[in-house]
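Residue numbers (the working numbering), protein chains in the order written: chain A, 1 to 105; chain B, 1001 to 1105. This report concerns only the one structure given below.
Protein chains: 2
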Amino acid sequence: MSSAALVPVFAALGDETRWSILAALGEGDASASALAERLPVTRQAIAKHLAVLAEVGLVEPVRVGREVRYRVLGAELSATAARLDAVGRDWERRLAAIKEIAEGL
Amino acid sequence: MSSAALVPVFAALGDETRWSILAALGEGDASASALAERLPVTRQAIAKHLAVLAEVGLVEPVRVGREVRYRVLGAELSATAARLDAVGRDWERRLAAIKEIAEGL
DNA sequence: ATCACCTGCAACTCAATAGTTGCAGAAGAT
DNA sequence: ATCTTCTGCAACTATTGAGTTGCAGGTGAT
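The structure is reproduced here in C-alpha cells:
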C-alpha cells in the first residue's frame, strides 16, 4: 500500500536539491556518501533529504555491506501523479457543472 | 502554455492550508474575504497563499465588481500530474534496464 | 588487531515562509 | 456625498527547514 498522506509527498518534491538527488538516483542506486561526491552539498544534508524522501515513500534504503544505498521508487511517483490527476479532473467537472447552472441551462 | 518550472508547483502544493483553499475553490469561485470566513486563518494569510497559487498557475484571479474572485485551474493540476507520471515511468524504465545489465541478461 | 571508510546523532546558524496586526485606498450601495 | 466593504501594502513575529561542523559508533578490508 502506498497511500501516505498526499501533501507531505508534494512538500518533499518542492525542493530543488531533492530533485537533484532523485535525478542522480535515477541513474542507479547510490549511498549518501556517493551522492555527496556528485552534488554540491554535504553528506549530512543529503542524508536528511533521503530521510524525508524515504518517509513519504519516494525512495527506499537497501543495505549493501557497510553502506546504505537508496533506490528511487518511480512507481510511487506515478501513483501520486494519478491521484493528482484525479483531483484536477474532479474540480474541472464540478466547476463545469456550476457554470452550466449559472448559465441557466 | 502552462509550463512554469515544475518544482515551485510542488512547493505550492506542499502546504495544508493551500489545499484547504483549493478545496474551497473547488466548490465555486470565491474571494479572499469570502474564503477567510470559512477557513481558520486571516484574509491576508489567504491572500498570500492565493498569490503563491496564482504565481504557479494553479489559480486565476477574476475581477467581479469590487471584489477579486479566484478560480481553480484543474487542468493545470492534471498537466502537472502528467509530467510527474512521465518522470516516474522514465526512472522505472531506466532502473529496469540497469537491473537487467547487472543480471547479465 | 588495526586502519579506513561509511553511517548516525547532536548542536548550531541562517534564510525562508506562514501567520499576524494595522492602516491606506478604491469601488459599490444608500 | 457618505458609509460600508473589499483589496493591497508594510512591518513584525515565530516557526520551520536547509545546510553546516563535529564527533561517536560500526563494519569491512589488510
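Glycine is no exception: its CB is placed at the ideal position from the N, C-alpha and C atoms.
Problem set entry | Partners in chain A for GLY1028(B), counting only beta-carbon separations shorter than 8 Å | The residue labelled residue 1028(B) in the question sits at position 28 within the second sequence. For GLY1028(B), the residues of chain A that pass the 8 Å Cβ criterion are LEU95, ILE98, in the order they occur in the chain.
Exercise. Whose CA, out of LEU39(A), GLY65(A), TYR70(A), VAL64(A), lies closest to the CA of VAL52(A)?
Worked result: In the first sequence, residue 52(A) corresponds to position 52, counting from 1. Residue TYR70(A) is the option with its Cα nearest to VAL52(A).
Problem set entry | Every unbroken alpha helix (DSSP H) inside the region 33 to 63 of chain A [4 residues or more] | For the region 33 to 63 of chain A, whole alpha helix (DSSP H) runs of length 4 or above, ordered along the chain, are 43 to 55.
Exercise. Across which residues does DSSP place ALA1079(B) in a beta bridge pair?
Worked result: Taking the first residue of the second sequence as position 1, residue 1079(B) is located at position 79. Note: ALA1079(B) sits in no beta bridge, so no partner.
Problem set entry | GLY1014(B): contacting residues in chain A (beta-carbon distance under 7 Å) | What you label residue 1014(B) is simply residue 14 of the second sequence in a count that begins at 1. Correct list: VAL7, PHE10, ALA11, GLY14.
Exercise. Counting Cβ pairs, one atom from each stretch, are 3 or more of them under 8 Å apart for the region 1024 to 1037 of chain B and the region 22 to 33 of chain A?
Worked result: Counting Cβ pairs under 8 Å, fewer than three are found: no touch.
Exercise. Is it true that the region 94 to 103 of chain A meets the region 53 to 65 of chain A, where meeting means three or more beta-carbon pairs spaced less than 8 Å apart?
Worked result: These segments do not touch.
Exercise. Taking the alpha carbon of GLY88(A) as the point to measure from, which residue in GLY1088(B), ASP1085(B), ARG1089(B), ALA1081(B) has its own alpha carbon closest?
Worked result: Here residue 88(A) corresponds to residue number 88 of the first sequence, with the count starting at 1. When each option's Cα is compared against that of GLY88(A), the closest is ALA1081(B).
Problem set entry | Own chain residues within Cβ distance below 6 Å of VAL72(A), not counting five before or after | As a first step, residue 72(A) is located in the first sequence; it is residue number 72 there, counting from the start. Only LEU22, LEU25, GLY26, VAL59 meet the Cβ criterion.
For this session: From the DSSP output, in three-state form, read off GLU1067(B) for me.
Result: As a first step, residue 1067(B) must be located in the second sequence, where it is residue number 67. Of the three classes helix, strand and coil, the one that applies to GLU1067(B) here is strand, per DSSP.
Exercise. By the 10 Å Cβ neighbour count, where 16 or more other Cβ atoms means buried, how is ALA1005(B) classified, buried or exposed?
Worked result: What you label residue 1005(B) is simply residue 5 of the second sequence in a count that begins at 1. Counting every other CB atom within 10 Å of its CB across the protein chains shown gives ALA1005(B) a total below 16, marking it as exposed.
For this session: Determine the direct distance from the alpha carbon of ARG1093(B) to that of ARG1018(B), and round the result to whole angstroms.
Result: Walking along the second sequence from the start, residue 1018(B) turns up at place 18. Walking along the second sequence from the start, residue 1093(B) turns up at place 93. Cα to Cα, the separation comes out at about 33 Å.
Exercise. Got a sec: does the ligand PLP put a non-hydrogen atom nearer than 7 Å to the Cβ of TRP19(A)?
Worked result: As far as ligands go, the structure on display features none, and thus does not contain the ligand PLP.
Problem set entry | Residue interval of the alpha helix (DSSP H) (run including GLU103(A)) | As a working mapping, residue 103(A) is identified with position 103 in the first sequence. Going by DSSP, GLU103(A) is part of no alpha helix (DSSP H) at all; its letter is neither H nor E.
For this session: State the DSSP-derived secondary structure class of ALA5(A), mapped to helix, strand or coil.
Result: As a working mapping, residue 5(A) is identified with position 5 in the first sequence. If DSSP states are grouped into helix, strand and coil, ALA5(A) belongs with coil.
For this session: Can you tell me which of LEU1035(B), ALA1075(B), ALA1011(B), TRP1091(B) puts its alpha carbon nearest to the alpha carbon of TRP91(A)?
Result: Counting from one through the first sequence, the residue named residue 91(A) turns up at place 91. Out of LEU1035(B), ALA1075(B), ALA1011(B), TRP1091(B), ALA1075(B) has the C-alpha closest to the C-alpha of TRP91(A).
For this session: Could you name the residues of the same chain whose beta carbon sits closer than 6 Å to that of ARG43(A), not counting the 5 residues immediately before and after it, in chain order?
Result: Reading the first sequence from its first residue, position 43 is the one you call residue 43(A). Same-chain partners within the cutoff: ALA32, SER33, ALA36.
For this session: Look at VAL137(A) and ALA12(A) and say whether their C-beta atoms are less than 8 Å apart.
Result: The structure shown does not extend to residue 137(A), since chain A is modelled only from 1 through 105, so no value can be given for it.
For this session: Take the Cβ of GLY104(A) as the centre, count every other Cβ of all protein chains shown within 10 Å, and call the residue buried at 16 or more, exposed below.
Result: Start at 1 with the first residue of the first sequence, and residue 104(A) comes out as number 104. So GLY104(A) ends up on the exposed side.
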